[in-house]
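Numbering-wise, the sequence shown is residues 1 to 725 according to the UniProt record's numbering.
The beta-carbon is built from N, C-alpha and C at its ideal position, and this holds for glycine as well.
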Amino acid sequence: MNHLFRTNFKEMNAHDGRSQTTLGVWIAKCNDIEPCTIIMDLEGNDGRERGKDDTAFEKQIALFALAVSDIVLINMWCNDIGREQAANKPLLRTIFQVMLQLFTPRKTTLMFVIRDKTNTPLEKLESLLREDTQKIQVEALAHYLYKKEEFKEEVAILRKKFSKSIKAGGLAGDRRGVVPASGFSISAQEIWKVIKENKDLDLPSHKAMVANIRCEEIANEEYSSFTANEEWLKLKELVKSNLVPGFGKKVSSLLGNSLSSYDKEATYFEESSKNAKRKQLEDNLIHLVQPTYQLMLEHMISGTSNNFKNAFTDALKEGNGFALAARDCRKKFMTVFDEQYQEALIEQGNWDSSKEWDKFTSDLDSHITEVRNTKLSELTALNESKLEKALNGPVEALLKRGTDETWSRIRTHLHHETEVAVSEFSFALSGFEIDEQAEEIMISNLKDHAIGIIERKAREEAAKVSTYVKDRFISTFNYDNDLRTRVWTNGEDIPAITTTARSSCLKLLSALAAIRLNEDTDTVREMLDLALGGPNRTQDILVTNTWEKVPATKTLITPVECISVWNQLQRETEYTITQALASQEQYNRNVEERKAQEQKELERNKREENERKERERIERERNERDERDRIERDRIERERNERDEQDRKERECIEHERIKREEKERNERELRERERNEREDRERNERNERERIDRERNDQLLNELNDRIKRQEHVRPLPPVCSIQ
């Protein structure tokens with residue numbers, strides 16, 4: 001090549017021994033030949049270095065040369081002509097077949113350069129080569145060492161043939177599909193890519209094929225042996241019903257034995273085939289044991305979850321705070337599951353168990369959430385029940401009294417009972433450690449429930465307004481301020497009493513007409529007085545369905561319904577008033593009759609009068625004494641209420657201090673827990689570091705052992721090899 005094209009490709013130094021000089025593909029520009037000619041120097045296809053099992057690259061670069069070149073020079077020894085393998089006929093046939101499959105049928109000139117020609121005539125050599133591969137150029141060169149001058153003359157003659165090689169009739173006369181020089185690099189890259197992807201050039205060697213077949217047989221035997229292994233079958237059967245202690249180690253040992261047996265049987269086979277079949281065997285075995293492993297994990301998840309639920313229930317029964325019990329139990333059983341998981345782990349199985357872990361943690365968290373929701377619902381229902389008991393009775397009594405202060409007292413009572421309930425509820429919620437927003441929502445719902453209790457009770461009482469106003473009128477009309485039955489004498493002003501009774505009914509009707517849980521003022525009472533109670537009353541202003549300054553949602557009795565209730569009251573109480581008037585008239589008649597007898601019984605009456613006055617004096621003294629007693633009772637009651645209020649504030653202060661103290665203790669426990677976790681993390685990291693050092697030391701020892709084994713194998717005598725030039 002260097003003599004022919006005046007290039008500087010590396011040449012073999014015979015003094016250093018016979019070895020391969022050109023590796024891969026080298027390229028250079030040819031000097032003093034027109035047009036511009038590019039030369040590629042290819043690696044030899046019969047080198048000792050690659051051996052008989054690595055011919056794929058030789059085929060690829062040979063096909064590459066045919067695809068990108070106009071002229072291909074094949075350098076052959078004269079003595080190799082007529083030989084099958086030495087002349088590389090199988091290689092050339094494969095290359096030509098693939099060339100026809102992959103690329104266009106452009107003619108590439110093949111020039112066989114016969115080195116070191118002998119006495120055999122060139123015509124005979126050419127006919128043999130043409131017979132094997134048609135349409136080729138054949139040139140013969142003298143021996144470079146023994147006939148150096150003749151060799152140079154023949155090279156010069158050959159060099160002239162490359163001048164003007166692209167003209168018609170030249171060596172590169174076929175110009176179909178020629179790529180311009182600017183596209184040569186891209187074209188060569190694409191052609192090499194097509195060649196690399198073609199599997200016809202990558203046939204395995206005989207040694208590799210034997211290794212494939214035999215290693216597959218060994219792998220199948222080991223697989224069958226494993227499936228019939230009694231210990232494996234026993235483990236598989238046990239896992240169907242129970243957890244098996246040491247499952248991971250036992251299965252890992254069985255798998256390791258099968259793979260070790262395979263390694264022992266396949267020791268002397270070709271490495272890549274042996275490793276591929278070993279990997280296939282390992283994958284098959286792992287696939288075989290995986291269902292049993294998954295069943296083992298299911299038992300672990302189910303059993304540990306049930307144990308967690310029982311332990312969590314017991315912890316709550318012992319009075320532990322919900323959040324603390326949940327956290328401790330969850331941490332404990334996560335550790336238990338991790339220990340079981342590590343014990344069941346199969347060394348050879350590189351499985352992703354994140355789904356199983358997620359399912360287990362999801363089961364725990366779902367149960368905790370379910371129990372939390374149940375406990376919170378029970379706690380909420382309990383506090384709501386307490387509120388109903390605390391509010392229903394007093395609110396009903398206040399509404400029945402129906403005074404101007406009714407709703408003010410209801411608001412005061414609501415505020416007091418709500419504060420008590422919220423305080424107890426907040427304290428109970430502290431054990432759940434829920435977030436502040438959720439706690440605020442639950443407390444807000446409890447307050448809304450308290451308001452709802454009053455609103456429902458108000459609507460219930462408003463539905464009975466007709467009965468209530470009638471009873472109010474009767475009680476006010478028939479009984480005096482001391483709750484004594486009225487005697488309809490001349491001293492009783494029945495119209496004034498009637499007006500007073502109706503005014504009291506208006507107060508009751510006003511109290512039941514609307515819900516007033518805020519302190520906003522309204523005109524309900526004024527409208528009722530103006531429409532129903534005053535001397536110039538007119539019901540026209542009540543002919544509407546809404547009260548001024550009262551939302552429709554807070555209206556219990558509409559103005560027009562008040563007219564209906566009032567008219568019904570008047571109809572039903574008219575008879576009572578008439579009876580009172582009749583009784584008063586009858587009393588007057590009786591008085592006249594008595595006057596006729598008064599004279600006769602004057603002294604007796606005086607005496608009785610004196611007795612009566614004495615009784616009245618005694619009665620007045622008794623009333624005064626009762627009034628003083630009542631005032632004293634009120635004073636004592638106020639003092640008791642003040643003491644109760646002071647005691648309540650002191651209890652709240654003590655409760656607040658206790659909550660702060662518990663919060664401080666909880667923070668200290670959390671700090672100690674974090675410190676313990678950090679200490680455990682440091683210990684775990686130190687343990688992992690020691691394990692890593694042990695693994696590195698074991699790997700080093702294993703590498704040293706492998707090196708000794710390899711050195712021993714190199715010492716083993718090699719079988720005789722027959723070399724053919």
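CA-to-CA, the gap between I61 and L705 works out to about 40 Å. As the crow flies, the alpha-carbon of T109 is around 5 Å from that of I71.
Counting along the chain, the unbroken alpha helix (DSSP H) around I453 starts and ends at E436 to A462. It is roughly 22 Å from the alpha-carbon of D694 to the alpha-carbon of E339.
Beta-bridge analysis with DSSP links T555 to A514. The criterion of a C-beta distance shorter than 8 Å is not satisfied by F247 and L259. Going by C-alpha positions, E675 is about 50 Å away from N229. S504 and G402 have their C-alpha atoms roughly 8 Å apart.
It is roughly 36 Å from the alpha-carbon of E574 to the alpha-carbon of E624. K277 places its beta carbon less than 8 Å from that of E216. For L255, the number of other beta carbons within 10 angstroms of its own is at least 16, and it is reported as buried. By the neighbour-count criterion, in which 16 or more other beta carbons inside 10 Å mark a residue as buried, S354 falls on the exposed side.
Secondary structure note for V72: it is in no alpha helix (DSSP H), and the uninterrupted beta strand (DSSP E) holding it is I71 to W77.
Judged by DSSP secondary structure, K29 falls within the beta strand (DSSP E) whose first and last residues are V25 to K29. Burial check for I557: the Cβ neighbour count within 10 Å reaches 16 or more, so the residue is buried. Nearest to Y587 by C-alpha distance, out of E632, T576, N490 and N677, is N490. Per DSSP, the continuous beta strand (DSSP E) segment holding I39 begins and ends at I38 to L42. Our two residues, N545 and L528, have alpha carbons roughly 14 Å apart in a direct line.
L145 sits in coil when the DSSP states are folded into three classes, being neither helix nor strand.
Counting only unbroken stretches of 4 or more residues, the alpha helix (DSSP H) elements lying wholly within the segment 298-362 are 322-344, in sequence order. It is roughly 11 Å from the alpha-carbon of A344 to the alpha-carbon of H299. Beta bridge pairing from DSSP links T109 with I71.
Taking a cut-off of 8 Å on C-beta distances, the segment 369-379 touches the segment 412-432, as three or more cross pairs fall below it. Listed in chain order, the non-local C-beta contacts of A552 below 7 Å within the same chain comprise T546, local neighbours out to five positions each way being set aside. When DSSP states are grouped into helix, strand and coil, T578 belongs to the helix group. Using a Cβ-Cβ distance cut-off of 8 Å, the segment 392-406 and the segment 509-520 are in contact, since at least three pairs of beta carbons, one from each stretch, lie closer than that value.
Straight through space, the alpha carbons of E668 and N320 are spaced by roughly 17 Å. At the C-beta level, L382 and A450 stay beyond 8 Å of one another. Of all C-beta pairs linking the segment 456-471 to the segment 388-398, three or more are shorter than 8 Å, placing the two stretches in contact.
Here Y479 carries a strand assignment [DSSP, helix/strand/coil]. Bounds of any alpha helix (DSSP H) do not take in F162, whose DSSP letter is neither H nor E.
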